[in-house]
Amino acid sequence: MVPVVSVQWLRENLTDQELIILDASPASNKSSLPSHFPGMRIPGARYFDLKHKFSDPNAEMPNTLPQPEAFQGECQALGINQSSKIIVYDNLGIYSSPRVWWMFKAMGHDRVSVLNGGLVEWGKHDYPMEERTEASYERGDFVVKPGSTFKKEMEDILQNLETKTSVVLDARSKGRFDGTAPEPREGLSSGHIPHSKSLPFSQVLEEGKFKSTNDLKELFEVLNPEEKPLIFSCGSGLTACITYLAAELATDAPKSVYDGSWTEWAQKQAGLIEKNA
0 MVPVVSVQWL RENLTDQELI ILDASPASNK SSLPSHFPGM RIPGARYFDL KHKFSDPNAE
60 MPNTLPQPEA FQGECQALGI NQSSKIIVYD NLGIYSSPRV WWMFKAMGHD RVSVLNGGLV
120 EWGKHDYPME ERTEASYERG DFVVKPGSTF KKEMEDILQN LETKTSVVLD ARSKGRFDGT
180 APEPREGLSS GHIPHSKSLP FSQVLEEGKF KSTNDLKELF EVLNPEEKPL IFSCGSGLTA
240 CITYLAAELA TDAPKSVYDG SWTEWAQKQA GLIEKNA
């Protein structure tokens, strides 16, 4: 499956028996983006509870990728099968859905795509919606096959400070990156990982959808002219997946996400923080 599909494609394929639509709309967000069509969903969509069921409850940092067995169990409870074709969206346009896409990829399931523009774009076309309700599903046979190339730890970032083999791209706002704007998490300093580059996630989007492939290629050619491996970071690993997915559309460079992102780095490596660099 391609990384991103249009609302027109989804409308035409709603009757596919292997298709499962996941609603990853967050209850709130650190970027202060307004939600659209609250309480509504694409017909038949299943709610993917990113915060409470698909984040590791025992991790120190927010939004941490869950343990494989926990991810597998929650996916089975949603009725997801090995053969399922997954389409994931959210009601902010493009926000949390790329995180879910990345999680499935990291867990070895390639049959997953993000709905470009999400519920916002769906609504613009006056396609049908229904109220979100709780439901139970026949248990699926989904099995994880975790890959080691999708996720980076702090040790990898520290090593990269020495080797400079990868380019670290930060999806937070330029103000937070420069240390001139506060972090939304109380008590957390702003600034950035040394030698990282700023790529606010808003720069890969246009009117709530991903920019054209040509525009994205030009953007990443400037940021990574040597086509080094890319490591994506943000506040807590969520919006990093937006820029990761944009890069997936534009470049063949190896890619990964620093899951602890700035929240972990600022708490544990304060002495290495750069401001106004």
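One point on numbering: in numbering that gives the first Met the number 0, the residue at position 32 of the sequence shown is 31, and numbering is uninterrupted. For each residue, glycine too, the CB sits at the ideal point set by N, CA and C. Treat the numbers as computed from the prediction; the structure is a model and nothing was measured.
- V1 is positioned such that its CB atom lies no closer than 8 Å to that of N115.
- Looking at the DSSP output, M39 shares a beta bridge with E130.
- Excluding the 5 residues flanking it on each side, P228 has same chain C-beta neighbours closer than 8 Å at T164, S165, V166, A252, P253, K254 and S255, in chain order.
- Ranking A170, M106, L77 and I192 by CA distance to the CA of E137 puts L77 first.
- P97 sits close to I241, with the two beta carbons spaced by under 8 Å.
- Classified as exposed, T148 has fewer than 16 neighbouring CB atoms from the shown chains inside 10 Å of its CB.
- The beta carbon of S189 sits closer than 7 Å to those of R175, G178, A180, P181 and E182, all from its chain and outside the five residues before and after it, given in chain order.
- When DSSP states are grouped into helix, strand and coil, I19 belongs to the strand group.
- In this structure, the beta-carbon distance from S83 to E11 does not fall below 8 Å.
- Minimum Cα-Cα distance from N62 among the listed residues F70, F53 and A69 corresponds to F53.
- It is roughly 16 Å from the alpha-carbon of K29 to the alpha-carbon of H35.
- Counting only runs that start and end inside the region 105-175, the alpha helix (DSSP H) elements of at least 4 residues fall at 117-123 and 153-162.
- Contact between the region 124-138 and the region 32-48 is established, with three or more Cβ pairs separated by less than 8 Å.
- About 5 Å separates the beta carbon of K216 from that of A249, a gap short enough to meet the 8 Å contact definition.
- In the three-state reduction of the DSSP assignment, V99 falls in the helix class, which pools H, G and I.
- The beta carbon of E247 sits closer than 6 Å to those of P2, all from its chain and outside the five residues before and after it, given in chain order.
- DSSP links F231 through a beta bridge to L168 and V256.
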